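Here's the structure, in structure tokens; my notes come after.
Numbering (the numbering used here), first residue to last: 143 to 440.
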């Protein structure tokens, strides 16, 4: 399941929730979206909603959908860096700037388009079509490792592991300033400020914990390893900014100007869906961040 968040604007003021969802998820069937709401996977301002709820401007909608229920996914041949592949899943090193899945505004050029082509490249039209199943997401601005199941059984198993926190992720970030402590924990609740329409540290927010370890210090920036113990929206970005060391290129949370946000998903660790061994994959090319630190940001 993939989580989406929306702020209602004047177009859907005094209109039904299901009308809004049908507009936002045009590639999904109305029956599926109604079932998502009925099964309590949609909240309006933090409260479980129903399809007939009347919306107001500035309402906040959160919904979890399985994007594999889209009516169609256009295969598209694109460069992919496959780190590992077997019969159950594959691990991809996503490029910065690439969307993970299509939206109403961008239907092509996404990771799912590329994977749909890759998984069906050698199949005849009579063979069963293989759909990629995202186990988690990465923002467009974040590069790095992402896990994708190649069948429904493995998708359900891996998604369950993810919910039970048996799935571990590690990131590397270049942050502004010199981080003095070699390691530490940020334990600050995160919530949404409605008037600002953004997530940030908030008393009364949801418990949120992140851990950091310094990798290397430069003249005016620091390379750090980050681990999100919980999984709140924009958690690592928010906690870095809270420490006074926003991620370089993160304009939303006060990072210094740069052509990209310097956040990379460098490590994932999980149990194989067929049982048995725990697997670990790493993407350790930190050279780009070091070059950015030394040549452009020092």
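Positions of the beta carbon are idealized from the N, C-alpha and C atoms, including for glycine. Computed from a prediction, not measured in an experiment: that's the story for all the values here.
Short Cβ contact (8 Å threshold) for residue i with residue j
i           : j           : result
residue 222 : residue 243 : no
residue 310 : residue 411 : yes
residue 263 : residue 204 : no
residue 197 : residue 162 : yes
residue 285 : residue 343 : no
residue 393 : residue 314 : no
residue 207 : residue 178 : yes
residue 233 : residue 289 : yes
residue 199 : residue 270 : no
residue 391 : residue 402 : yes
Where residue i falls, given that 16 or more other Cβ within 10 Å makes a residue buried
i           : result
residue 155 : exposed
residue 252 : buried
residue 260 : buried
residue 245 : exposed
residue 330 : buried
residue 346 : exposed
residue 236 : buried
residue 229 : exposed
residue 308 : exposed
residue 231 : buried
residue 379 : buried
Nearest-angstrom Cβ-Cβ length linking residue i and residue j, presumed shorter than 8 Å
i           : j           : result
residue 354 : residue 377 : No, residue 354 and residue 377 are not in contact; Cβ-Cβ is about 12 Å, not under 8 Å.
residue 389 : residue 365 : No, residue 389 and residue 365 are not in contact; Cβ-Cβ is about 11 Å, not under 8 Å.
residue 193 : residue 158 : 7 Å
heavy atom of the ligand FMN below 7 Å from residue i C-beta
i           : result
residue 346 : No copy of the ligand FMN occurs in the structure displayed, which carries no ligand at all.
Own chain residues within Cβ distance below 7 Å of residue i, not counting five before or after
i           : result
residue 138 : The structure shown has nothing for residue 138, since the chain only spans 143 to 440.
residue 327 : 351 and 353
Proximal residues to residue i (C-beta, below 6 Å), its chain only, five neighbours per side dropped
i           : result
residue 420 : 413
residue 147 : 204
residue 339 : 149
Beta-carbon contacts of residue i that lie in its chain and below 8 Å, excluding the five residues immediately before and after
i           : result
residue 440 : Legend: pLDDT at residue 440 = 48, less than 50; position of this residue unreliable, no value from coordinates given.
- Kindly provide the ranges of any alpha helix (DSSP H) runs that are 4 or more residues long and lie completely inside the segment 210-273, ordered along the chain. With a minimum length of 4 residues, the continuous alpha helix (DSSP H) runs that stay inside the segment 210-273 are 253-262.
- Query: What are the uninterrupted segments assigned as alpha helix (DSSP H) that are 4 or more residues long and contained completely in the segment 275-321, given in chain order?
  - Reply: Taking only runs of at least 4 residues, the alpha helix (DSSP H) segments lying wholly in the segment 275-321 are 294-305.
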